[in-house]
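Below is one structure; the comments refer to it alone.
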Amino acid sequence: MGKSILIVMGIFASLLSVAVATPGIATFYTDYGSSACYGNKSFGVMIAAANDSLWSNGAVCGKMFQVTCTGPRNPVPHPCSDKTVTVKIVDHCPGCPSTLDLSKEAFTQIANPVAGIINIDYRPYGLKLSLRWILVQQNLQ
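Taking mature numbering (1 follows the signal peptide of the UniProt record, and there is no 0), I'd label the letters of the sequence shown as residues -21 to -1, 1 to 120.
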């Protein structure tokens, strides 16, 4: 009985995670100096900066997102890999044309860096965040 409940919960969490993917745009950066969220504290290289609309006055600091390349935004053919990357929001990218400004290392996991800018799907990482994300998305519609 206990295993059945866990399996059902796992399936539900997987479906929920897929259901809340949001389309966006990603670019990359290479200067990992001081961040708006944590100052000079390092969180490695699987990091990202959020644009103004995602930033939400810093509420997104420390949140984890899974990001998948879905296609090109320029003439570079077939920029996407078949991978998904998980990044932590550590910075704000005011005025950025992209939803997420990924570290170059994170961008390179999901796309050819020569592309420079790509279409993405992104979603919060983890069930607790996914449930909150659904509520936020419902309020935006």
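Think of the CB as a built atom: it goes at the ideal place given N, C-alpha and C, for glycine as much as any other residue.
Beta-carbon proximity of residue i to residue j, cut-off 7 Å
i: C29; j: I89; result: The question names Cys, but residue 29 is Ala in the sequence shown. The answer is no: Cβ separation not under 7 Å.
i: Y101; j: F44; result: yes
i: G15; j: H71; result: The question names Gly, yet the displayed sequence has Ala at residue 15. Their beta carbons are under 7 Å apart, which means A15 touches H71 by this criterion.
i: V39; j: E84; result: no
Buried or exposed (CB count within 10 angstroms, at least 16 for buried), residue i
i: H57; result: exposed
i: S82; result: buried
i: L(-16); result: Bear in mind that a pLDDT of 48 at L(-16), under 50, signals an unreliable position, so the number given afterwards is only what the model happens to contain. Looking at its Cβ environment, which holds fewer than 16 other Cβ atoms inside 10 Å, L(-16) is exposed.
i: K20; result: exposed
i: V66; result: buried
CA-to-CA distance, residue j to residue i, given in whole angstroms
i: L33; j: S77; result: 10 Å
i: F86; j: I4; result: 11 Å
i: V(-2); j: G41; result: 19 Å
Beta-carbon proximity list for residue i, same chain, < 8 Å, skipping 5 on both sides
i: T63; result: Q45, V46, T47, I89
i: T49; result: P2, C59, I97, N98, I99, D100
i: N53; result: A94, G95, I96
Other residues of its chain near residue i: CB distance less than 6 Å, five sequence neighbours each side excluded
i: T6; result: S77, D80, I96
Contiguous beta strand (DSSP E) assignments of at least 3 residues, all confined to the region 12 to 58: 26 to 29, 43 to 51
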